[in-house]
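These notes are about the structure you will find just below.
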Amino acid sequence: MRRALIGLILTWLCSVPVSQAQQPFQRDLSLASLRLHLPKMAPAVEIGGAIEGDQIETVEGPRQTKKQWFLGAYWRHIWMPEIFQDIFADEAPSVSTGLLDFGDSLDPNVGLLATYRNEDGFSIIFGLGYTSYEFEGAYRPNDDEFQNTEWVKSDLEMWHGTFAVLWSTALGDVVALEYGLGIDLGLIFGDITRWEAYWDRGDKEWRPCERAGVPATETDGRPYCEEPSDPDLDSDPSNEMGAHYNVKVGRWSDDGDIPNIVPIPMIPQVALRIAPVEEFVIKLEAGYGIMEFWAGLSVHGAIWTAPRAAALPPELRVVKRPDELPPAPLTGRVNGLVVEQGTQTPVSNAAVAVAGRPEIEPIQTLDDGTFLSEAFEPGQVVFEISHPDYQTSSCTAVISQQGGDANQVCPIVALPRVGKIDGRVLGPRGPLAEARVEISGPLNQTFVSDEWGSFSYDQAPAGTYLARVTKEGFIDRSKQFTVEVRETARVEITLTEKPKLTMVTVEKEEIKISQQIHFATASAKIKASSFPLMNEIASVFKSYAEIKLVEIQGHTDDRGSDSYNLGLSQRRADSVRAWLVSAGVEPERLESKGYGESLPLESNRTKAGRARNRRVQFIIKQREEEPR
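Residue numbers (the numbering used here): -5 to 622.
As structure tokens, this is what we get:
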């Protein structure tokens, strides 16, 4: 009866003549009355701000949609700044010339994009692309000498993933400016080969030198296709641009100079977005990275939409009436502290779960071992506590009948902090039995390898160890390794047979070596061919405990600048010291110093003299005097 009476009153009010000042109020009531459906129940509605009616159903307009996910494809043209092109071009003198290249080959930079965009215009972009870096021809960096031109052939290609975040500013109904940043992570494939090049006066073009001396020693008074004298020397012309013959640069994984993986930050990245229709977008894009600038075009189509509710008209405004709720039950939380049993040491990052309540997410203890649970009704609350370094245990807290938080300390038992050692001793022809292995560190233990060369220990405390292996007829060898908690440290040590003629002798003031330690060209990296010699040197240090301090001296010949030679000799002396320390020689017994070309043994005018001057010496600086 009440709803019927209200309906009759509203109908009468809509039909009564009103003055001009009352007309807006009349229009509000008329529109509202058309939307009322009295028999149905819904949230309370305030009509036009004039009447607070009973519970009725509101009327909404049609639901709209918003475009959220787009799938697209792009084409880009890439330019590399000259300064970076010269750096990279010594290995790869080309960049992608784009799909519209009119040269000998097509070098595409294309890919696919997936874009998420919200109502505010914020976009997250994921992409996968392909770039070709193909090139064959003559190359010479700017301002370099004319005869330093090389013939370079590159078949590099790169697959790269793209991630970017962009914000947008609307410039019109269908045009918007996007701006943000991104990063490309590229995986490079292929190789680069280069030769020295010479100028063909007949055809007036550059051609590659197939080998030294061909086609001629000089062209127009300039040397081409020279014969390398000693490629291992830093000063040899073959180590400079313009004196290479079929040199394959390769990638880092092949000991080359081309990186396997290249990260390229794109800061900034901008795009002009044009959307002639909601489901289709065209973008003109550009970006600048550390080594390149690119510009291109992409097209996108909407592939997924989300519904968006239409707003209520101003005549209808939902007003929820407060309901009378029953009083909330008494509850309480648990202030917990997890400690190691028998101590007051807090345990951080322990997982605390409520037993029998899988719907409640486990929580983690803080750095001080504390945790705070959600609210529970009065009674017992059982927690299950787990941690990788401790035994899983339970802990019970009680919420009182009056509610309120409860404090609870939960002790857990620590697991033994040990691991396993699984070792093996090898020789030139396979496993070595009856080798003596002395382990020192958190555990001091001696083993003898079995017929398979194996030794093991199951309860080794975690930490860093040194294993020294000895066997008659072989050079002693030491190796450092680490035991992690509940993990197996696999140690493999290979012994070298003692040479019939020793390569190392100990004199009063020097440990003399009969062979030289060989390094990679222009590098401090010790070649593998010198490892047997290095092992014998390390063995001498272990056998002569009275030698307390040795200076490792690095020397060079006179080719190259004084400063370069001094630095190279210091790096090589440091490298020898580091190798011996890793082999078990105490670091306090070793010091390293480079002398460059200042202390030659022979004249640097001959090849043999220079070879003798490039050396490493071990000068005894301090030794324990023998008792009289």
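Ideal Cβ positions, reconstructed from N, Cα and C, are used throughout, including at glycine.
Span separating the alpha-carbon of residue i from that of residue j
i           : j           : result
residue 616 : residue 585 : 12 Å
residue 647 : residue 460 : Shown here, the chain extends from -5 to 622; a query on residue 647 therefore has no answer.
residue 536 : residue 580 : 9 Å
residue 348 : residue 377 : 5 Å
residue 530 : residue 510 : 13 Å
residue 606 : residue 597 : 9 Å
residue 178 : residue 68  : 14 Å
residue 341 : residue 354 : 22 Å
residue 94  : residue 205 : With a pLDDT of 35 at residue 94, under the threshold of 50, the predicted position of this residue should be treated as unreliable, though the coordinate-derived value follows. Those two C-alpha atoms are separated by around 36 Å.
residue 193 : residue 201 : 6 Å
residue 493 : residue 464 : 15 Å
residue 576 : residue 445 : 27 Å
residue 275 : residue 125 : 24 Å
residue 565 : residue 518 : 6 Å
residue 153 : residue 123 : 6 Å
residue 404 : residue 449 : 41 Å
residue 86  : residue 246 : Reliability fails at residue 86, whose pLDDT of 43 lies under 50, so the model's placement of it is uncertain and no value is given.
residue 587 : residue 151 : 45 Å
residue 466 : residue 337 : 50 Å
residue 34  : residue 299 : Residue placement at residue 34 is poorly supported in this model, since its pLDDT is 38, which falls under 50; the coordinates are not used for a value here.
residue 683 : residue 556 : Any property of residue 683 remains undetermined from this structure, which presents the chain solely from -5 to 622.
residue 487 : residue 429 : 11 Å
residue 543 : residue 603 : 29 Å
residue 148 : residue 134 : 15 Å
residue 703 : residue 501 : The structure shown does not extend to residue 703, since the chain is modelled only from -5 through 622, so no value can be given for it.
residue 623 : residue 578 : The shown model of the chain, from -5 to 622, leaves out residue 623, and the question about it has no answer.
residue 608 : residue 573 : 19 Å
residue 325 : residue 385 : 31 Å
residue 528 : residue 611 : 13 Å
residue 373 : residue 411 : 37 Å
In DSSP terms, what residue i is bridged to
i           : result
residue 65  : 108, 295
residue 121 : 107, 156
residue 201 : 192
residue 424 : 421
residue 488 : 420
residue 644 : Because the chain spans -5 through 622 in this model, residue 644 falls outside it and cannot be assessed.
residue 414 : 482
residue 366 : 329
residue 389 : 377
residue 611 : 547
residue 583 : None, per the DSSP bridge assignment.
residue 71  : 289
residue 260 : 176, 283
residue 526 : Note: residue 526 sits in no beta bridge, so no partner.
residue 474 : 460
residue 128 : 149
Beta-carbon spacing of residue i, residue j below 8 Å
i           : j           : result
residue 155 : residue 121 : yes
residue 552 : residue 591 : yes
residue 625 : residue 166 : The structure shown does not extend to residue 625, since the chain spans only -5 to 622, so no value can be given for it.
residue 456 : residue 479 : yes
residue 406 : residue 451 : no
residue 267 : residue 172 : yes
residue 567 : residue 547 : yes
residue 182 : residue 146 : no
residue 263 : residue 160 : yes
residue 513 : residue 521 : yes
residue 496 : residue 526 : no
residue 334 : residue 408 : yes
residue 391 : residue 328 : yes
Rounded distance between the beta-carbons of residue j and residue i, thought under 8 Å
i           : j           : result
residue 176 : residue 158 : 3 Å
residue 379 : residue 344 : 5 Å
residue 477 : residue 417 : Not a contact, Cβ separation roughly 11 Å.
residue 613 : residue 540 : At roughly 16 Å, the Cβ-Cβ gap does not stay under 8 Å, so residue 613 and residue 540 are not in contact.
residue 273 : residue 296 : 4 Å
residue 534 : residue 498 : 5 Å
residue 346 : residue 357 : 5 Å
Closer than 8 Å to chain C by CB, residue i
i           : result
residue 162 : Looking for chain C here will not work: only one protein chain is present.
Any non-hydrogen atom of the ligand SAH closer than 7 Å to residue i Cβ
i           : result
residue 513 : Looking at this structure, you won't find the ligand SAH or any other ligand, since it has none at all.
Q) With a cut-off of 8 Å, do at least 3 Cβ pairs link the region 398 to 408 to the region 424 to 431? A) no
Q) Taking one C-beta from the region 257 to 269 and one from the region 280 to 289 each time, how about it: are there three or more such pairs within less than 8 Å? A) yes
With a threshold of 8 Å, are at least 3 pairs of Cβ atoms found where one atom belongs to the region 437 to 449 and the other to the region 362 to 382?
Verdict: no, contact absent.
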